[in-house]
Amino acid sequence: IEEKALLALILRRFWVDSCQKPEELGITGELILRPNNGIWIKLKRRPNAGSE
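full-length UniProt numbering puts the sequence shown at residues 1 to 52.
1. How long is the line joining the alpha carbons of L11 and N37, rounded to whole angstroms?
2. Does DSSP put L31 in a helix, in a strand, or in coil?
3. Could you name the residues of the same chain whose beta carbon sits closer than 7 Å to that of R46, not counting the 5 residues immediately before and after it, in chain order?
4. Are the CB atoms of C19 and K42 nearer to each other than 8 Å?
5. Taking the C-alpha atoms as reference points, what is the distance between E23 and P35?
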């Protein structure tokens with residue numbers, strides 16, 4: 001539950017942008033689709049994110 005709350009807090013306060021193009025991601029199919037080597041992301045603070 002703590003992980004979900006932390007993720008919700010991050011998503012409320014930041015824009016999340018991938019540093020890689022979709023064709024650069026190697027996808028592994030298991031029960032769910034996952035990238036082979038993870039995904040690099042950039043976080044950009046949302047305007048007025050601290051005024052909650």
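Heads up, the beta-carbon is just placed ideally off N, CA and C, and yes, glycines get one too.
Predicted model, so just to flag it, every value in this text is computed and none were measured.
Result, derived from the coordinates:
1. A direct Cα-Cα distance of roughly 22 Å separates L11 from N37.
2. The answer is coil: DSSP assigns L31 none of H, G, I, E or B.
3. These residues qualify, in order along the chain: R13, F14 and W15.
4. Yes, they are a contact pair.
5. Those two C-alpha atoms are separated by around 11 Å.
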